[in-house]
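Note that the UniProt record's numbering has the sequence shown beginning at 1, numbered continuously upward.
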Amino acid sequence: MIELKTPREIEEMKPAGRFVGGILKELQETTKVGTNLLEIDEFVHKKIVDRKGAESCYVDYAPDFGTGPFAHYICTSVNDAVLHGVPYDYSLKDGDLVSLDLAISVDGWVADSAVSFVVGKDPDPEDLRIIKCTEEALAAAIDVAKPGNRLGDISNTIGDVAREYGYPINLEFGGHGVGHIMHGDPHVPNDGRAHHGYKLREGLVIAIEPWFLKTTDEIFQDPKDGWTLRASDGSRGAHSEHTIAITENGPIVFTDRTNL
Numbered sequence: 001m002i003e004l005k006t007p008r009e010i011e012e013m014k015p016a017g018r019f020v021g022g023i024l025k026e027l028q029e030t031t032k033v034g035t036n037l038l039e040i041d042e043f044v045h046k047k048i049v050d051r052k053g054a055e056s057c058y059v060d061y062a063p064d065f066g067t068g069p070f071a072h073y074i075c076t077s078v079n080d081a082v083l084h085g086v087p088y089d090y091s092l093k094d095g096d097l098v099s100l101d102l103a104i105s106v107d108g109w110v111a112d113s114a115v116s117f118v119v120g121k122d123p124d125p126e127d128l129r130i131i132k133c134t135e136e137a138l139a140a141a142i143d144v145a146k147p148g149n150r151l152g153d154i155s156n157t158i159g160d161v162a163r164e165y166g167y168p169i170n171l172e173f174g175g176h177g178v179g180h181i182m183h184g185d186p187h188v189p190n191d192g193r194a195h196h197g198y199k200l201r202e203g204l205v206i207a208i209e210p211w212f213l214k215t216t217d218e219i220f221q222d223p224k225d226g227w228t229l230r231a232s233d234g235s236r237g238a239h240s241e242h243t244i245a246i247t248e249n250g251p252i253v254f255t256d257r258t259n260l
């Protein structure tokens, strides 16, 4: 069921967005060659423990698309891994493409966001290009997230940006409703038909999350951890995500990192 938030509830969701956005901003600034994925996980764990009212949305999360409960505080996807990456004992190397996906509940309200970046001094231009594509698709989708438009307008906008860049589009995983739980209705696919689907209304809160792989739309679940989703052909991917609220004055980006 799709739930609409009241203006008061939207205000109550803002602290979670700032918290998640702030953590991702700090991680992007401090993650470098040599950083271990388990260090990133522990950093987030400590942030949650130190914040009154904060709870991980990932620890013990056990949906049907994973194998058993997730046991970490953040998703760390590297290179050909694009979603649900399980942190493990791996120190980042020069040129690694890293995607960090984080969802935390603060005082009962969830915020969910993701960022991708390359560590090291000599990033591959093709890595930077696919990251830019996800960022542009996210920004364009947010721009059309207005009352009266349709869910298909958001999805179609994301798909159009991907097509302009020449990247294939996977529809298995996408955005979703956000509120007291991390994954709710509606599903927000990364491609669709403009002017079709659910009519956007004030109070709708969703996570929009474009993610693409360079040369395939096919993924597989890593059998080693039962969670990490990787490109079927080994190509690299990127992922950008924000939690937003649709209001009469335009979208509110809860997880915006630019002014933190």
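Backbone N, C-alpha and C fix where the C-beta goes; we use that ideal spot for every residue, glycine too.
These figures come from a predicted structure and were not determined experimentally.
Item checked: Nearest-angstrom Cα separation, counted from Y73 out to E42 -> 8 Å
Notebook entry, point to check: Using 8 Å as the Cβ pair cut-off and three pairs as the minimum, do the segment 96–110 and the segment 78–85 touch?
Noted result: yes
Checklist line | Pair within 9 Å by beta-carbon distance, V118 and M182 | finding: no
Note to self: Given a cut-off of 9 Å on the beta-carbon distance, is the pair S240 and I154 in contact?
What the structure shows: no
Margin query: Assuming V78 is part of the beta strand (DSSP E), what are its boundary residues?
Written below: 75–78
Check: Exposed or buried, H242, counting other C-beta atoms within 10 Å across all chains shown (16 or more means buried)?
Finding: buried
Check: Does DSSP classify L229 as helix, strand or coil?
Finding: strand
Next item on the list: Enumerate in chain order the residues of its own chain whose CB-to-CB distance from Y88 is below 8 Å, with the five nearest sequence positions on each side excluded.
Entry: L37, L38, D225
Next item on the list: Compare the C-alpha of P7 against each of E248, T255, N259 and name the closest.
Entry: E248
Next item on the list: For the alpha helix (DSSP H) containing residue 261, list its first residue and its last residue.
Entry: Given a span of 1 to 260 for the chain in the structure shown, any question on residue 261 remains unanswerable.
Notebook entry, point to check: How is the beta strand (DSSP E) around D55 delimited, first residue to last?
Noted result: Rather than Asp, the amino acid found at residue 55 in this sequence is Glu. Counting along the chain, the beta strand (DSSP E) containing E55 begins and ends at 54–56.
Checklist line | Endpoints, alpha helix (DSSP H) assigned at T157 | finding: 151–165
Next item on the list: Along the alpha helix (DSSP H) that carries A245, what are the first and last residues, could you check?
Entry: Per DSSP, A245 belongs to no alpha helix (DSSP H); it is in the beta strand (DSSP E), 242–245.
Margin query: Between the alpha carbons of P63 and F254, how many angstroms are there, rounded?
Written below: 25 Å
Next item on the list: Measure how close the beta-carbons of I10 and I244 come, nearest whole angstrom, since I'm counting them as under 8 Å.
Entry: Incorrect: roughly 10 Å between the Cβ atoms, too far for contact.
Check: If you follow the alpha helix (DSSP H) that H187 is part of, which residue opens it and which one closes it?
Finding: Note, H187: premise wrong, no alpha helix (DSSP H); beta strand (DSSP E) at 184–188.
Check: Alpha carbon to alpha carbon, how far is G197 from K214?
Finding: 28 Å
Item checked: Alpha-carbon to alpha-carbon, I169 and T134 -> 11 Å
Next item on the list: Provide the residue span of the beta strand (DSSP E) that contains F220, from first to last.
Entry: 219–221
Next item on the list: Go through its chain and collect everything with a Cβ distance to A194's Cβ below 7 Å, but skip five positions before and after it.
Entry: G152, D153, N156
Check: Applying the criterion that 16 or more other CB atoms from any shown protein chain within 10 Å of the CB defines a buried residue, is R257 buried or exposed?
Finding: buried
Check: Excluding the five sequence neighbours on either side, which residues of its own chain have a C-beta within less than 8 Å of the C-beta of A122, listed in chain order?
Finding: Note on identity: in this sequence residue 122 is Asp, with Ala being the wrong assignment. So the qualifying residues of the chain are D94, G95.
Item checked: Those residues which DSSP pairs with F212 across a bridge -> A238
Next item on the list: Kindly list the residues whose CB is nearer than 7 Å to the CB of N149, restricted to its own chain and excluding five residues on each side of it in sequence; keep chain order.
Entry: L200
Check: With D60 and P69 assumed to form a contact (beta carbons below 8 Å), what rounded beta-carbon distance in angstroms separates them?
Finding: 5 Å
Checklist line | Helix, strand or coil at F43 [DSSP, three-state] | finding: helix
Check: G53 and V106 look like a contact to me (Cβ under 8 Å); what is the Cβ gap, rounded to whole Å?
Finding: 5 Å
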